[in-house]
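Residue numbers (our numbering), protein chains in the order written: chain E, 1 to 251; chain C, 252 to 334.
First comes the structure, then the notes that go with it.
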């Protein structure tokens, strides 16, 4: 049962016919793992906390740096040097004290990653490197946990939703191959501040849709944003039957 | 005559070439070019890219067997990992 305070706090979304009380209750009961508390993790965590997702688990092994603040809006100048997950927790609790925020100030790997993914209703990938992205994907496929994947660099971004609960859903590795290819990082290639806000906001939106089972999430689709022309393209993305992670292929 | 045969062969070959667009730019290719061949030609073999053909990502395991056709719109989508 929602309290009067909750009915008021969430009234603007409860009034949506697609949401109503049932949708809000689904969010309040949800457990979401956000991996990466940087440029994408900031808007994702802020919107999911504001919208009333019951439990947010934040994982990041980094500390707030002056050069982060241009785009990582969950952090503040006075928290430079503080663990990003702790800095983010303070912002989220100030925004919505009824959200449970758990923090993991470490890089999620191996068994810990598998455990955290298995206990989550949904995972949001906000990381900055391919090694972790492929590991998260494998863990999500193994645990059949939906994954909202976003990436951003320079003035371009990509978003997709993978839902291993659906047998025909592709996975991240159907899209890109694992391997030792180069990784472009924001610290080397640059990134325009609102870009991560746009991509992260799309991730938050998709996460809420999947959790409350509303609309058509971006499953089987890849959305590309070219921020220079401000053009979106949505591509069909099918499961690769020979995928080494979710298909029959060799690892 | 040998010379005439060669000229005919060249014209014949050009007529058989297909035109596609790659990242918006026109490109002429021999018929039966596969997506794997295209990536090799673009020196992108082994790179972390996805190939979009007419608004659809072609599964990687099908790059070798997917033959380009005249008029195909191809985009090479580069993986980005930033967050």
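Beta carbons: idealized from backbone N, C-alpha and C, even for Gly.
Spatial neighbours of residue i in its chain, beta-carbon cut-off 6 Å, leaving aside the 5 residues before and after
i	result
residue 305(C)	324
residue 174(E)	239, 240, 243
residue 91(E)	74
residue 246(E)	141, 171
Buried or exposed (CB count within 10 angstroms, at least 16 for buried), residue i
i	result
residue 106(E)	exposed
residue 203(E)	buried
residue 71(E)	buried
residue 318(C)	exposed
residue 21(E)	exposed
residue 165(E)	exposed
residue 66(E)	exposed
residue 267(C)	exposed
residue 274(C)	exposed
residue 217(E)	buried
residue 213(E)	exposed
residue 316(C)	exposed
residue 234(E)	exposed
Neighbourhood of residue i by C-beta, 7 Å cutoff - its chain only, sequence neighbours within 5 removed
i	result
residue 101(E)	56, 58, 89, 92, 93
residue 108(E)	35, 59, 116
residue 153(E)	184, 186, 189, 191
residue 230(E)	none
Nonlocal neighbours in the same chain, by C-beta distance under 8 Å from residue i, ignoring five residues either side
i	result
residue 277(C)	270, 271
residue 237(E)	160, 170, 174, 175, 220, 221, 222
residue 293(C)	273, 327
* **Continuous alpha helix (DSSP H) assignments of at least 4 residues falling wholly in the region 75-151 of chain E** => List check, alpha helix (DSSP H) in window: 84-95, 110-119, 130-143.
* **Three or more C-beta pairs below 8 Å linking the region 189-205 of chain E and the region 305-320 of chain C** => The region 189-205 of chain E makes no contact with the region 305-320 of chain C: fewer than 3 CB pairs, one atom from each, lie closer than 8 Å.
* To do: Would you list, in sequence order, the uninterrupted beta strand (DSSP E) runs of no fewer than 3 residues that lie entirely inside the region 25-71 of chain E?
  => If we require 3 residues or more, the beta strand (DSSP E) runs fully inside the region 25-71 of chain E come out as 31-35, 55-59.
* Asked: What residues from the region 153-170 of chain E come within 9 Å of chain C, judged by C-beta to C-beta, listed N to C?
  -> Those residues of the region 153-170 of chain E that come within reach of chain C (Cβ to Cβ, closer than 9 Å) are 153, 154, 156, 157, 158, 170.
* Would you mind listing the beta strand (DSSP E) stretches within the region 157-232 of chain E that are 3+ residues and don't spill past its ends, in chain order? => For the region 157-232 of chain E, whole beta strand (DSSP E) runs of length 3 or above, ordered along the chain, are 221-226.
* To do: Please list the residues of the region 104-130 of chain E that have a C-beta atom closer than 8 Å to any C-beta atom in chain C, keeping them in chain order.
  => Result list: 125, 126, 127, 128, 129, 130.
* Would you call the region 119-138 of chain E and the region 29-38 of chain E in contact, with 3 or more CB pairs under 8 Å? -> Enough Cβ pairs lie closer than 8 Å, so yes.
* To do: Take every Cβ of the region 149-165 of chain E, pair it with every Cβ of the region 223-233 of chain E, and state whether three or more of those distances are shorter than 8 Å.
  => Cβ pair count under 8 Å is three or more, so yes.
* the region 217-243 of chain E: which residues have C-beta closer than 9 Å to a C-beta of chain C, in chain order? -> Of all residues in the region 217-243 of chain E, 222, 224, 233, 234, 235, 236, 237, 238, 239, 240, 241, 242, 243 have a Cβ within less than 9 Å of some Cβ in chain C.
* Asked: So, do the region 117-124 of chain E and the region 138-151 of chain E have three or more beta carbon pairs nearer to each other than 8 Å?
  -> For the pair of segments examined, the region 117-124 of chain E was found to touch the region 138-151 of chain E: the number of CB pairs separated by less than 8 Å reaches three.
* Listed in chain order, which residues of the region 22-50 of chain E have Cβ atoms closer than 8 Å to some Cβ of chain C? -> Along the region 22-50 of chain E, going in chain order, the ones with a CB nearer than 8 Å to a CB of chain C are 36, 38, 39, 40, 41.
* **Residue ranges of each beta strand (DSSP E) within the region 274-311 of chain C, 3 or longer** => You should have 276-280, 300-304.
* To do: Taking a Cβ distance cut-off of 7 Å, strictly less, list which residues of the region 182-213 of chain E are near chain C, in chain order.
  => Correct list: 183, 184, 185, 186, 191.
* Residues from the region 303-333 of chain C in contact with chain E, defined by Cβ distance under 9 Å -> Cβ contacts with chain E: 303, 306, 307, 308, 309, 310, 311, 312, 313, 326, 328, 329, 330, 331, 332, 333.
* Asked: the region 287-301 of chain C: which residues have C-beta closer than 9 Å to a C-beta of chain E, in chain order?
  -> Taking 9 Å as the Cβ-Cβ cut-off, the region 287-301 of chain C approaches chain E at 297, 298, 299, 300, 301, given in chain order.
* Asked: Going along the region 4-16 of chain E in order, which residues come within less than 9 Å of chain C, judged by CB to CB distance?
  -> If the cut-off is 9 Å between Cβ atoms, the region 4-16 of chain E has nothing near chain C.
* **Cβ contact check for the region 43-54 of chain E and the region 205-214 of chain E: 3 or more pairs under 8 Å** => Contact between the region 43-54 of chain E and the region 205-214 of chain E is present: three or more C-beta pairs spanning the two stretches fall below 8 Å.
* Name the residues in the region 59-89 of chain E whose C-beta lies less than 9 Å from a C-beta of chain C; which are they? -> Those residues of the region 59-89 of chain E that come within reach of chain C (Cβ to Cβ, closer than 9 Å) do not exist; the list is empty.
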